[in-house]
Amino acid sequence: MKTCYDSGMENFIFEVVTDNAIHLPPQPRVREVVVPTSYRTKSGAKFKARALQYCLEDDVNILQDNDWIVHLDEETLLTTNAICGILNFCEDGRHQFGQGVITYASGEIVNWLTTLSDSFRVADDMGKLRLQFKIFHKPLFGWKGSFVVTQVSVVVQGIL
């Protein structure tokens, strides 16, 4: 949250979506959303897609159509530069989908093989993913599960 404040953000909320309650302490900009075990999507989606779809249900969703969602995994670290890039993308308003580049192995190299493998993942981000968003402005070839930026109106209406 400090990174968001340091970046000049004023209007934001973190929604932590989980299948099992983790009992986060109450905080003004944090909302824990627990997906009921009985919840089923119309499409039969499972796992992360199921959980994210639950957040869009009318009786759960608290976001407005012109708000933006940034999907992050629990291990994704936000930097001030990343937040500034997201804000610039949203403010520009030309596109309703975006995908940030996820970098790996930014610390000390522990294992060369895994570090090289991770570098191929970054190359995939820079190639396939960037191409589809640059040319088509939507996910045609797939996308990563983290660092995805979407406008609420598009995902609520199912325009993909």
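Residue numbering for the sequence shown follows the UniProt record's numbering, starting at 1 and increasing by one per position.
By construction, the Cβ of each residue, glycine as well, lies at the ideal position given by its N, Cα and C atoms.
DSSP, read as helix, strand or coil, puts Q96 in coil. Remark: C-beta atoms of T18 and A45 do not approach each other more closely than 9 Å. Here the alpha carbon of E108 sits roughly 13 Å from the alpha carbon of L116.
Between the alpha carbons of E57 and F141 lies a distance of about 26 Å.
Assignment of F12 by DSSP, reduced to helix, strand and coil, places it in the coil class. Under the DSSP assignment, R121 falls in the alpha helix (DSSP H) whose first and last residues are W112 to D124.
Cβ-Cβ distances below 8 Å link T79 to T3 in the same chain, with the five nearest sequence neighbours on each side left out; the list follows chain order. With a 10 Å radius around the Cβ and a threshold of 16 neighbouring Cβ atoms, Y5 comes out exposed.
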